[in-house]
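A quick write-up on the structure given underneath.
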Amino acid sequence: MPEATAIVRQAAKDCDFNLIERETPFEFGEDFGLFTEHYKGAMFGLGSGKNQPSLHNPDYDWPDEITETGSKIFYKISEIIDAQ
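If you count the sequence shown from 1, position 70 lands on 112 in our numbering, and the numbers rise without skipping.
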């Protein structure tokens, strides 16, 4: 959804986060596409590191240091949507 993607881009910019747009899909599976058949949405990652196992890999361990980043961007996304 272009609108949802634009909101995520704006939120990242407003938070002064380094936005890196992937040229290839994420290497893990998600049911996210089913949700976007019914609701506007955009998928993004927080960037836990290139050497980190993929999200659904059994060796994945959530890096606590990205929790604040996630909280900030989701809060900013909600502010942008609320202002519309």
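Even glycine gets a Cβ: it sits at the ideal position worked out from N, Cα and C.
Give the DSSP-derived three-state secondary structure of F59 in the structure shown.
-> Along the sequence shown, read from residue 1 onward, the residue named residue 59 stands at position 17. Looking at F59 - three-state DSSP - the assignment turns out to be coil, as it is neither helix nor strand.
Are the stretch 44-56 and the stretch 114-126 touching by the rule of at least three beta carbon pairs closer than 8 Å?
-> Flag = yes, the stretch 44-56 and the stretch 114-126 touch.
Measure the Cβ-Cβ separation of I115 and F59 and say whether it is below 8 Å.
-> Position 73 of the sequence shown, counting from 1, holds the residue named residue 115. Position 17 of the sequence shown, counting from 1, holds the residue named residue 59. Yes. Within cutoff.
Whose C-beta lies closer than 8 Å to the C-beta of I62 among residues of the same chain, with five residues either side of it excluded?
-> Here residue 62 corresponds to residue number 20 of the sequence shown, with the count starting at 1. Hits under 8 Å: G89.
Using CA coordinates, which residue listed in I108, A53 and N93 is at the minimum distance from D101?
-> For the purposes of this step, residue 101 is taken as residue 59 along the sequence shown, with counting starting at 1. The shortest C-alpha separation from D101 is found at N93.
Hey, would you say G87 sits closer than 8 Å to F74, going by beta carbons?
-> Position 45 of the sequence shown holds residue 87. Position 32 of the sequence shown holds residue 74. Cβ distance not < 8 Å, so G87 and F74 don't count as in contact.
Rounded straight-line distance, which links the Cα of M85 to that of P67 | Locating residue 67 in the sequence shown gives position 25, counting from the first residue. Locating residue 85 in the sequence shown gives position 43, counting from the first residue. Going by C-alpha positions, P67 is about 10 Å away from M85.
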